[in-house]
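Below is one structure, written out as structure tokens; the observations come after it.
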Amino acid sequence: MNNENANANAHYKRMTEAPIPGLIISLGIPTTISMLVTNIYNLADTYFVSQIGLSASGAVGIVFGFMAVLQAIGFLFGQGAGSNIAGCLGAKDHKSASIYATTSFVLAFVLSVIIGIFCYIFIEPFLRLLGSTETILPYAKTYVIYIIISGPFTVCGFVMNNILRFEGRANMAMAGLVSGALLNIIGDPILIFKFNLGIAGAGLSTCLSQIISFFLLLYFFVSGKTMCKLSPKNFKPKFNTVWRILTIGFPSLARQGLQSVSTMLLNNCAAFYGDASVAAMSIVSRLTFFVFAVGLGIGQGFQPVCGFNYGAKIYSRVKEAFKFTLFLGEAFLGAVAVVGFIIAPYAIGWFRKDPEVLEIGVLAFRLQCIGLFFQPLAVMCNMTFQSCQKPVLATVSSLMKSGLFFIPVLLIGTKLFGITGIQASQPIADLLTFIAVLPMIIHFFATMPKDSKPKN
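Counting from -7, one number per residue, gives the positions in the sequence shown under the working numbering.
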């Protein structure tokens, strides 16, 4: 017990006293690697499936909407618990941190099972809602069954990953995600081509890798390597506990849920122009998300620092961490955006060389590269409000980023400009979000109190 207390005190000292740049980078590198490898898998999955055919390639984009739903649930409970956990650990309340961790884990598992059963019963209407055409539907149906089976493991994996990050155990979180992604990358070509399973092989590979990743993350908690303890005795679904998890996590649900709705609408709008349009926008979405996710990994190194120091009432470190991470994010995404704009034809062509796919995809990707310059501020605002347990501000900023602007811009743009409106919708929404959140974050920091560090 003394050793455990010593480790907790050392961790507290590191989170509240270590130089901000080095601390954020040390926490951000593992999460960035996690996001990088995970999204390399997403791109590899898209690449291998695209070799099956155009409709199979479109199916991946369709099912990606359902995967976004699973991610939304995982982030609802993971970030909802994580933000509370960071505050509890900052206040040295380890018991409450374990209650938040266990309660969120159990609730996430139960909800994901219920959603999986519902989606399986109504599988064809559900896939059509996601934007599937009749030619894409058979491939999407085969693929999504495996995603439904692995759903509870995927969701709880997200929950544990977020808890580890907010606890400051980014290396453990990285190990869980990276192991699953690497297994998936290896499994795809073997199951798709060597065993001749086609798109079923891609689904099975994803299913198995998510289950293995889940058990590895669970091992860290049950083996005593974390400050939060997952244990039946810590499952206490009292109203106040569940309410705090849901209210703090709701911005993540809103963000990811609206992202899923946005993906459905995008697929449905693109489907009007044929399978090539669905495939092109699916590829562009995967490429853009890959770039954005790596930048997001940097920001995720900021969240535990922000939440921990806000809980410890060391507000000056929250401000310093925000400024540093925003600058780092702008520098990274800006550089990648320039490169992406130049190599767009090669990036799209790596997946599909169909002339129509290239024509639609290259312009869409270049426009989204321009939009990348406006994304870091919006993401940082949302992460700050959520980590500082400001659910209303976090929810509003989430809605702006994920759909409040994108959905009307997409619908109006499609009606007025056709396929060009679809291609330009995301960067326009990014610009509008940037303009909207700027005064919000300026006011937030202007009214933040002075430091009030508690005595040890």
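C-beta atoms are modelled at their ideal positions from N, C-alpha and C, and glycine is treated no differently.
No experiment lies behind these values; they were computed from the predicted model shown.
| Query | Result |
| --- | --- |
| Buried or exposed, going by whether 16 or more other CB atoms sit within 10 Å of the CB of S444? | exposed |
| Can you check which of these residues, P337, I182, Y338 and L15, is closest to F40 by C-alpha distance? | I182 |
| Count the other CB atoms, across all protein chains shown, that sit within 10 Å of the CB of N188; report buried if there are 16 or more and exposed otherwise. | exposed |
| Using only the alpha-carbon positions, how far apart do S417 and V270 sit? | 15 Å |
| Note down, one range per segment and in chain order, each alpha helix (DSSP H) of at least 4 residues found wholly within the stretch 378 to 439. | 383 to 391, 398 to 409 and 411 to 438 |
| Quick one: what's got a C-beta closer than 6 Å to Y135's C-beta in the same chain, skipping five residues either side? | A51, V55, I191 and G195 |
| To the nearest angstrom, how far is the alpha carbon of V29 from that of A323? | 21 Å |
| Excluding the 5 residues preceding and the 5 following M59 in the sequence, name in chain order all residues of the same chain whose CB lies nearer than 7 Å to its CB. | I139 |
| Count the C-beta pairs between the stretch 3 to 13 and the stretch 292 to 312 that are closer than 8 Å, then say yes if the count reaches three, no if not. | yes |
| Specify whether the stretch 122 to 133 and the stretch 92 to 107 touch according to this definition: at least 3 beta carbon pairs, one from each stretch, less than 8 Å apart. | no |
| The alpha helix (DSSP H) with K133 in it runs from where to where? | L129 to I141 |
| Whole angstroms is fine: what's the gap from G57's alpha carbon to C199's? | 16 Å |
| What is the residue span of the alpha helix (DSSP H) that T218 lies within? | Element bounds for T218: n/a, residue is neither H nor E. |
| Using C-beta distances below 7 Å, list every residue in its chain close to I91, excluding the 5 sequence neighbours before and after it, in chain order. | N226, K228 and T233 |
| Which same chain residues, not among the five before or five after G413, have their C-beta less than 6 Å away from its C-beta? | G405 and T406 |
| Would M164 pass as a contact of K217 if the rule is Cβ separation under 8 Å? | yes |
| Going by the CB atoms, is the gap between M372 and L288 shorter than 8 Å? | no |
| Between which two residues does the alpha helix (DSSP H) holding R490 run? | In the structure as shown, the chain starts at -7 and stops at 448, and residue 490 therefore has no counterpart that could be examined. |
| Rounding to the nearest angstrom, what Cα-Cα distance links M432 and S379 in this structure? | 15 Å |
| Only counting the same chain, and skipping five residues up and downstream in sequence, which positions put a Cβ closer than 8 Å to that of V354? | A336, P337 and I340 |
| Cα-Cα, which of F207, S244, G79 and V331 is closest to I306? | G79 |
| Can you look up S124 in the DSSP assignment and give me helix, strand or coil? | coil |
| Find the nearest neighbour of Q295 within the set I427, N(-1), G72 and I32, judged by alpha-carbon distance. | G72 |
| Skipping 5 residues on each side, what residues in its chain have a beta carbon closer than 8 Å to that of A2? | none |
| Considering A285, what are the terminal residues of the alpha helix (DSSP H) in which it resides? | D267 to G303 |
| Between which two residues does the alpha helix (DSSP H) containing Q443 stretch? | A small correction: the amino acid at residue 443 is Asp; Gln does not occupy that position in the sequence shown. Here D443 belongs to no alpha helix (DSSP H), and DSSP marks it neither H nor E. |
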